[in-house]
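K.L.:
One structure, pasted below without further comment.
In structure tokens form, the structure reads like this:
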């Protein structure tokens, strides 16, 4: 995952991730803890995909939280790294 954005008072977080053009989002999950939210994104590959499907595209995935994000960190479950906050668009 590349970045996330949210309004800290909102009960949702949007992560920007990349996956192949022929892949399909299978599931998105947010596991909330007191100091962090761990995000898991699962995609599936079409078995008839061509090699051009290997080209990654950015996708925004919005997850609903039980409580506003506040000051909690957002963590990528795949590697355990903290996901950066998206930079505002000029």
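Numbering (this note's numbering), first residue to last: 1167 to 1256.
We treat Cβ as the ideally placed atom computed from N, Cα and C, and that holds for glycine.
Keep in mind it's a predicted model, so treat the numbers as computed, not measured.
By the 10 Å Cβ neighbour count, where 16 or more other Cβ atoms means buried, how is residue 1235 classified, buried or exposed?
P.N.:
With 16 or more Cβ atoms within 10 Å of its Cβ, residue 1235 is classed as buried.
K.L.:
Does residue 1220 come out as helix, strand or coil in the three-state DSSP assignment?
P.N.:
In this structure, residue 1220 counts as helix in the three-state DSSP scheme.
K.L.:
Below 8 Å between beta carbons: does that hold for residue 1169 and residue 1251?
P.N.:
Yes, the pair counts as a contact, with Cβ atoms nearer than the cut-off.
K.L.:
With a threshold of 16 other CB atoms inside 10 Å of the CB of residue 1256, please say whether the residue is buried or exposed.
P.N.:
Note that residue 1256 scores a pLDDT of 49, beneath 50, so its modelled location is shaky; the value from the coordinates is reported in the next line. The residue in question, residue 1256, is exposed, as its Cβ has fewer than 16 Cβ neighbours within 10 Å.
K.L.:
In the structure shown, what three-state DSSP assignment does residue 1238 receive?
P.N.:
Residue 1238: coil per DSSP, three-state reduction.
K.L.:
In three-state DSSP terms, what is residue 1172?
P.N.:
DSSP places residue 1172 in coil when its eight states are reduced to three.
K.L.:
State buried or exposed for residue 1241, treating a residue as buried only when at least 16 other CB atoms are found within 10 Å of its CB.
P.N.:
The residue is buried, with at least 16 neighbouring Cβ atoms inside 10 Å.
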